[in-house]
Amino acid sequence: GVSARLRSVAAAESSAPASTGSFSGSIGPGTKVLEIGDSHSVGTFGKELDAKLRGTGAQVSTYASAGATASTFTQGKSTKYGYWEKKADGSERTIGYGSNAQTPRLDDLISKEKPSVILVNLGANFRQGDPKSQVDEIGRVAQKHGIPIIWVGPPKTAKDSSNPGSLQQFDQKMAAAVAPYGKYISSAGHTPKYSGGDGIHYGGSEGNQIARQWADGIFREVTKS
Numbered sequence: 017g018v019s020a021r022l023r024s025v026a027a028a029e030s031s032a033p034a035s036t037g038s039f040s041g042s043i044g045p046g047t048k049v050l051e052i053g054d055s056h057s058v059g060t061f062g063k064e065l066d067a068k069l070r071g072t073g074a075q076v077s078t079y080a081s082a083g084a085t086a087s088t089f090t091q092g093k094s095t096k097y098g099y100w101e102k103k104a105d106g107s108e109r110t111i112g113y114g115s116n117a118q119t120p121r122l123d124d125l126i127s128k129e130k131p132s133v134i135l136v137n138l139g140a141n142f143r144q145g146d147p148k149s150q151v152d153e154i155g156r157v158a159q160k161h162g163i164p165i166i167w168v169g170p171p172k173t174a175k176d177s178s179n180p181g182s183l184q185q186f187d188q189k190m191a192a193a194v195a196p197y198g199k200y201i202s203s204a205g206h207t208p209k210y211s212g213g214d215g216i217h218y219g220g221s222e223g224n225q226i227a228r229q230w231a232d233g234i235f236r237e238v239t240k241s
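This is the structure in structure tokens:
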């Protein structure tokens, strides 16, 4: 009967190897999302995406450390550039620029949050060079726990308007590197242009509006089944 079939499916799933693969579920009630990111996640983009993901009924916890690369989270390094976290219960903690903030270790976060999927918003701080080692560092931790990743790439910077091929090449390398661990989403199409004060971060009324639209676009991609 049906129940026997369901039992055999459940048994097959529980005995499956700890390969991660792509996240096949949908984000909503019953899903646990662990989000880690850099300064873009500390800012407007991260707060907007966090709110939208919570709006699905999913259990969401976000940890954002400005200046972060993979090792910031795999080793639990501190940052002085700004930090924001919002836990599943909605409690928030912000540590401003210039103050020391300890970034939690990804291993510890996974053990504590037991996520269904890890949403990674990193890349802006390693646009130079080959990103594969960065991706592997995060990917191996996720794979050890058998959790798939959705990796969101970095947005356009001021320099990208004169050199659009740079981000495109980075995205191609990232997509190939992320493939064994899950799914890669490029932010290029969701950030039509850069607007802000320092060439990297999105700010001011136009920049914040673009950051919100960026978050909305990523949210739609993450939640479409």
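Quick note on numbering: my numbering labels position 224 of the sequence shown as 240, and the sequence is numbered without any gaps. Cβ coordinates follow ideal geometry from the N, Cα and C atoms, glycine included. These numbers were taken from a predicted model, which means no experiment stands behind them.
{"Item": "Could you compute how far the alpha carbon of P131 sits from the alpha carbon of K189?", "Value": "26 Å"}
{"Item": "Going by DSSP, what residue range makes up the beta strand (DSSP E) through K102?", "Value": "99-102"}
{"Item": "Given this structure, state the Cα-to-Cα distance separating H161 from V133, to the nearest angstrom.", "Value": "11 Å"}
{"Item": "Are Y99 and A82 touching if we call contact CB-CB under 8 Å?", "Value": "yes"}
{"Item": "In chain order, what residues of the same chain have a beta carbon less than 7 Å from the beta carbon of H217, not counting five sequence neighbours either side?", "Value": "S55, G59"}
{"Item": "Rounded to a whole number of angstroms, what is the C-alpha to C-alpha distance between S178 and H206?", "Value": "17 Å"}
{"Item": "For V194 and R121, I'd like the C-alpha separation in whole angstroms.", "Value": "20 Å"}
{"Item": "Can you tell me the Cα-Cα spacing of S92 and E129, whole angstroms?", "Value": "Here residue 92 turns out to be Gly, not Ser, going by the sequence shown. Approximately 16 Å between the Cα atoms of the pair."}
{"Item": "With DSSP collapsed to three states, give me the class of K209.", "Value": "coil"}
{"Item": "Quick check on D310: buried or exposed, where buried means 16 or more other Cβ atoms within 10 Å of its Cβ?", "Value": "Because the chain here runs from 17 to 241, residue 310 falls outside it and cannot be looked at."}
{"Item": "Pick from G46, F61, Q184: whose alpha carbon is nearest that of H229?", "Value": "Before going further, note that residue 229 is Gln rather than His in the sequence given. Comparing Cα positions, the closest option is F61."}
{"Item": "Does the Cβ of P33 have 16 or more other Cβ atoms within 10 Å, making it buried, or fewer, making it exposed?", "Value": "Low per-residue confidence applies at P33: pLDDT is 36, beneath 50, and the placement is therefore not dependable enough to give any value."}
{"Item": "Can you give me the Cβ contacts of S94 inside the same chain, cut-off strictly under 8 Å, excluding the 5 residues immediately before and after it?", "Value": "N116, A117, Q118, T119"}
{"Item": "Among the candidates T173, V151, I154, Q150, whose CA atom is the shortest distance from the CA of G223?", "Value": "T173"}
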